[in-house]
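Q:
In this note's numbering, the protein residues as written are 217 to 344.
#1: What would DSSP say about residue 330, mapped onto helix, strand or coil?
#2: To the nearest whole angstrom, what separates the beta carbons of residue 279 and residue 268, a pair I think is in contact under 8 Å?
#3: Assuming residue 274 contacts residue 284 under a Cβ cut-off of 8 Å, what Cβ separation, rounded to an integer in Å, is found between them?
#4: Short of 7 Å in beta carbon distance, which residues of its chain neighbour residue 298, apart from the five on each side in sequence? Order them along the chain.
#5: Helix, strand or coil for residue 321, going by three-state DSSP, please let me know.
#6: Could you check how far apart the C-beta atoms of residue 248 and residue 295 are, in whole angstroms? I think they sit under 8 Å.
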């Protein structure tokens, strides 16, 4: 939420009135995606680890966590299970929290279409 709308968005009464456009509007994001959920989870893992810098090679210097593989594996699970009812219920709750709307993401946003393409690319690369 903060990455898209700024830290003030964590306040319940937050309403944007003026100022620079927030990342969420710039990027035209309207719903969470497998990639955005995976990114947030990976960042949380990094922040809770003993690592002090995010590694360029994807492997934590101190923790030895392979953030790249964690990201790929978690995103793969979400992409494969994306239409499952329990996943869509969680996605609906996330959309309500981040965007102030409820429901599932059965209608694809621009970002959702990109995520689908990335999933196909990842699958093709994995098969090579």
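For every residue, glycine included, the Cβ atom is placed at its ideal position computed from N, Cα and C.
Small disclaimer: the values here were computed from a predicted structure and weren't measured.
A: According to the structure data:
#1: For residue 330, the predicted model reports a pLDDT of 48, less than 50, meaning its position is unreliable; a value from the coordinates is still stated below. Three-state result, residue 330: helix.
#2: Actually they are not in contact, since the Cβ atoms of residue 279 and residue 268 sit about 10 Å apart, beyond 8 Å.
#3: 3 Å
#4: 250
#5: Low per-residue confidence applies at residue 321: pLDDT is 47, beneath 50, and the placement is therefore not dependable enough to give any value.
#6: Contact doesn't hold; Cβ gap of about 13 Å is too wide.
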